[in-house]
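A.B. asks: Handing you a structure now.
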Amino acid sequence: MSRAGLASERKDPSELLQIETSRVFVGKSNVRRRPGDVIDLTRSIQEKGVLEPVLVRPVGYRYELVIGSRRFEAAKAAGLKRIPAVVRKVSDEEAIIVSLIENIQRRDLEPEEEYDGLMSLSKLNPKSYGTAEQLAKAIGKSRRYVEDHINAVETVRGLRRETRAEVTVKSAPTPEERKGGVLPLKHATYIHKAEETPSIQGLPSRERAVKLKELAETIAPLPQPEAEKVVSHFVMAPQKPMEEIRKDVQYLRAVKLDILLDPRVAEALRTAAEDRRTTMEAVASLAIHSWLRQQRYF
86 MSRAGLASER KDPSELLQIE TSRVFVGKSN VRRRPGDVID LTRSIQEKGV
136 LEPVLVRPVG YRYELVIGSR RFEAAKAAGL KRIPAVVRKV SDEEAIIVSL
186 IENIQRRDLE PEEEYDGLMS LSKLNPKSYG TAEQLAKAIG KSRRYVEDHI
236 NAVETVRGLR RETRAEVTVK SAPTPEERKG GVLPLKHATY IHKAEETPSI
286 QGLPSRERAV KLKELAETIA PLPQPEAEKV VSHFVMAPQK PMEEIRKDVQ
336 YLRAVKLDIL LDPRVAEALR TAAEDRRTTM EAVASLAIHS WLRQQRYF
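Heads up: the sequence shown at position 217 corresponds to 302 in the working numbering, and the numbers run straight through without jumps.
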């Protein structure tokens with residue numbers, strides 16, 4: 086195609102254009118790194134075409150994909166030579182924000198992809214996006230949402246780096262994936278909270294990493310309430326074998342007690358839970374367990 090033709094393709098950024106797929110590339114602004122399974126989408130495109138245009142930005146005589154990585158990959162798989170696209174001149178910063186917002190709204194991003202996008206934005210403009218609050222405002226989410234994603238992914242990547250284990254976090258892993266150790270996002274945040282407690286921080290770094298890896302493997306297949314209880318018991322007694330912790334939690338689930346406590350005991354229980362960053366139930370369960378064992382009731 087001549088340069089005149091190329092120029093005419095881009096003359097109106099708001100115009101719906103047909104762009105050659107060979108001239109579109111996935112660059113740093115597209116936060117979605119893994120398009121995933123596009124078989125069904127490919128079939129749909131073969132039958133009906135691309136119903137929603139992708140968003141690209143001009144880079145020289147090529148186009149960088151900003152939004153629409155699955156549609157782009159499926160269009161190529163379907164054999165399309167051109168793809169409908171909206172061309173928009175945006176900065177690196179704007180491109181990352183647009184890509185993040187679009188994919189978050191579609192729930193198309195995995196936590197690690199979202200983390201990478203947030204970190205790219207933060208590094209690009211630390212003054213405007215250097216804090217979780219600033220990032221949250223940029224993508225229209227709460228600060229806690231951003232902090233949970235950042236903390237969960239950094240914890241998981243730290244475990245991968247220190248133990249060389251295949252620890253992974255996903256938004257909605259299948260039961261089979263969870264049995265293989267893939268953590269739901271909420272479970273990964275529990276691991277992070279456990280890592281931050283004084284009882285775990287006091288362990289040697291290598292031992293801490295191994296213990297947290299065992300914890301991750303243990304809670305990955307568990308329902309959220311049970312996973313939270315396992316983590317609470319773990320931070321109270323990190324030296325205890327994980328199998329014993331699981332049994333403690335199962336016993337706690339099987340027997341529910343209503344106990345009236347002396348105010349001083351209740352206050353001590355509350356203080357202990359705050360110090361250990363866990364629940365009062367977990368502290369009480371461990372205290373009862375320890376006393377019964379000390380008295381040789383089991």
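Here a beta-carbon is modelled for each residue, glycine too, at the ideal position from N, C-alpha and C.
Can you tell which of Val368, Ile344, Thr127 has its C-alpha closest to the C-alpha of Leu355?
C.D. replies: Along the sequence shown, one-based indexing puts residue 355 at 270. The amino acid occupying residue 355 in the given sequence is Arg; Leu does not appear at that position. Out of Val368, Ile344, Thr127, Val368 has the C-alpha closest to the C-alpha of Arg355.
A.B. asks: Distance, Cα to Cα, Tyr214 vs Arg191?
C.D. replies: Translated into positions along the sequence shown, residue 214 becomes position 129. Translated into positions along the sequence shown, residue 191 becomes position 106. Answer to the nearest angstrom: the Cα atoms are 23 angstroms apart.
A.B. asks: With Arg142 as the anchor, note down where its alpha helix (DSSP H) starts and where it stops.
C.D. replies: Counting from 1 along the sequence shown, the entry for residue 142 is found at position 57. From DSSP, Arg142 is part of no alpha helix (DSSP H) but of the beta strand (DSSP E) over 139 to 144.
A.B. asks: Need the endpoints of the alpha helix (DSSP H) that Thr127 sits in, please.
C.D. replies: Your numbering for residue 127 matches position 42 in the sequence shown. Counting along the chain, the alpha helix (DSSP H) containing Thr127 begins and ends at 124 to 133.
A.B. asks: Could you give the C-beta distance for Leu220 and Leu203, rounded to a whole number, given that I count them as a contact under 8 angstroms?
C.D. replies: Locating residue 220 in the sequence shown gives position 135, where the first residue counts as 1. Locating residue 203 in the sequence shown gives position 118, where the first residue counts as 1. Contact holds; Cβ gap of about 5 angstroms.
A.B. asks: Measuring CA to CA, which of Asp201, Ser290, Glu132 is closest to Ile182?
C.D. replies: Counting from 1 along the sequence shown, the entry for residue 182 is found at position 97. If we check each option's Cα against that of Ile182, Asp201 comes out closest.
A.B. asks: With three or more C-beta pairs closer than 8 angstroms as the rule, is the region 277 to 295 touching the region 368 to 382?
C.D. replies: Too few Cβ pairs lie closer than 8 angstroms, so no.
A.B. asks: Starting from Tyr230, follow the alpha helix (DSSP H) in both directions and report where the run begins and ends.
C.D. replies: Here the question's residue 230 lines up with position 145 in the sequence shown. Counting along the chain, the alpha helix (DSSP H) containing Tyr230 begins and ends at 228 to 248.
A.B. asks: Quick check on the DSSP output: what are the complete alpha helix (DSSP H) runs of length 4 or more inside the region 279 to 307, in order along the chain?
C.D. replies: As far as the region 279 to 307 is concerned, its whole alpha helix (DSSP H) runs of at least 4 residues are 283 to 286, 290 to 304.
A.B. asks: May I have the straight-line CA-CA distance separating Leu101 from Glu232, to the nearest angstrom?
C.D. replies: One-based indexing of the sequence shown puts residue 101 at position 16. One-based indexing of the sequence shown puts residue 232 at position 147. One C-alpha to the other measures close to 37 angstroms.
A.B. asks: By Cβ distance below 6 angstroms, which residues in the same chain neighbour Glu199 in space, the five residues on each side in sequence not counted?
C.D. replies: Position 114 of the sequence shown holds residue 199. Cβ within range, chain order: His234.
A.B. asks: Whole-angstrom Cβ separation of Gly243 and Ala305, contact assumed at under 8 angstroms?
C.D. replies: Locating residue 243 in the sequence shown gives position 158, counting from the first residue. Locating residue 305 in the sequence shown gives position 220, counting from the first residue. Wrong, their Cβ atoms sit about 17 angstroms apart, outside the cutoff.
A.B. asks: Using only the alpha-carbon positions, how far apart do Asp193 and Thr274 sit?
C.D. replies: Counting from 1 along the sequence shown, the entry for residue 193 is found at position 108. Counting from 1 along the sequence shown, the entry for residue 274 is found at position 189. If you take the alpha carbons of Asp193 and Thr274, they lie about 20 angstroms apart.
A.B. asks: Determine the burial state of Val151: buried for a count of at least 16 other Cβ atoms within 10 Å of its Cβ, exposed for fewer.
C.D. replies: Working through the sequence shown from its first residue, we reach residue 151 at position 66. By the neighbour-count rule (16 or more Cβ atoms within 10 Å), Val151 is buried.
A.B. asks: Report all residues from its chain with a CB closer than 8 angstroms to the CB of Ser184; omit the five preceding and five following residues, and keep chain order.
C.D. replies: Reading the sequence shown from its first residue, position 99 is the one you call residue 184. Here the set comprises Ser114, Asn115, Val116, Arg117, Val151, Ile152, Gly202.
A.B. asks: Specify, as a first and last residue, the run of the beta strand (DSSP E) that Arg192 falls within.
C.D. replies: As a first step, residue 192 is located in the sequence shown; it is residue number 107 there, counting from the start. Here Arg192 belongs to no beta strand (DSSP E), and DSSP marks it neither H nor E.
A.B. asks: Let's see if you can read the secondary structure: which residues bound the alpha helix (DSSP H) around Pro211?
C.D. replies: As a position in the sequence shown, residue 211 is number 126, starting the count at 1. Element bounds for Pro211: 211 to 214.
A.B. asks: When the distance is taken between beta carbons, is Arg147 closer than 8 angstroms to Arg173?
C.D. replies: Locating residue 173 in the sequence shown gives position 88, where the first residue counts as 1. Locating residue 147 in the sequence shown gives position 62, where the first residue counts as 1. Cβ atoms of Arg173 and Arg147: not closer than 8 angstroms.
A.B. asks: First and last residue of the alpha helix (DSSP H) that includes Gln379?
C.D. replies: Taking the first residue of the sequence shown as position 1, residue 379 is located at position 294. Element bounds for Gln379: 365 to 379.
A.B. asks: State the start and end residues of the unbroken alpha helix (DSSP H) segment that holds Thr356.
C.D. replies: As a position in the sequence shown, residue 356 is number 271, starting the count at 1. 348 to 361 is the extent of the alpha helix (DSSP H) around Thr356.
A.B. asks: Looking at the secondary structure, which residues open and close the beta strand (DSSP E) in which Ala170 lies?
C.D. replies: Numbered from 1 along the sequence shown, position 85 holds the residue referred to as residue 170. 167 to 172 is the span of the beta strand (DSSP E), which, as asked, contains Ala170.
A.B. asks: Under 8 angstroms, do Val320 and Ile330 count as touching if we go by C-beta distance?
C.D. replies: By 1-based counting over the sequence shown, the position of residue 320 is 235. By 1-based counting over the sequence shown, the position of residue 330 is 245. No.
A.B. asks: Could you check whether Glu158 and Phe110 sit closer than 8 angstroms to each other, using their CB atoms as the reference points?
C.D. replies: Position 25 of the sequence shown, counted from the start, is the residue given in the question as residue 110. Position 73 of the sequence shown, counted from the start, is the residue given in the question as residue 158. Cβ distance not < 8 angstroms, so Phe110 and Glu158 don't count as in contact.
A.B. asks: Just the C-alpha distance for Met365 and Ala279, rounded to the nearest angstrom, thanks.
C.D. replies: By 1-based counting over the sequence shown, the position of residue 365 is 280. By 1-based counting over the sequence shown, the position of residue 279 is 194. When rounded, the distance between both Cα atoms is 15 angstroms.
A.B. asks: If Val139 and Pro196 are in contact, beta carbons under 8 angstroms, what's the gap, nearest whole angstrom?
C.D. replies: As a position in the sequence shown, residue 139 is number 54, starting the count at 1. As a position in the sequence shown, residue 196 is number 111, starting the count at 1. Not confirmed; about 24 angstroms, so no contact.
A.B. asks: Just how far apart, CA to CA, sit Val350 and Arg249?
C.D. replies: Within the sequence shown, the letter at position 265 stands for residue 350. Within the sequence shown, the letter at position 164 stands for residue 249. When rounded, the distance between both Cα atoms is 44 angstroms.
A.B. asks: Assuming Pro323 and Ser284 are in contact, meaning their beta carbons sit under 8 angstroms apart, how far apart are those beta carbons, in whole angstroms?
C.D. replies: As a first step, residue 323 must be located in the sequence shown, where it is residue number 238. As a first step, residue 284 must be located in the sequence shown, where it is residue number 199. With 8 angstroms as the limit, Pro323 and Ser284 qualify as a contact, their Cβ atoms being about 6 angstroms apart.
A.B. asks: Roughly how many angstroms lie between the CA atoms of Glu384 and Pro260, to the nearest whole one?
C.D. replies: Only positions 86 to 383 of the chain appear in this structure, which leaves residue 384 out of reach.
A.B. asks: DSSP on Lys208, reduced to helix/strand/coil?
C.D. replies: Counted from its first residue, the sequence shown places residue 208 at position 123. The answer is helix: DSSP assigns Lys208 an H, G or I state.
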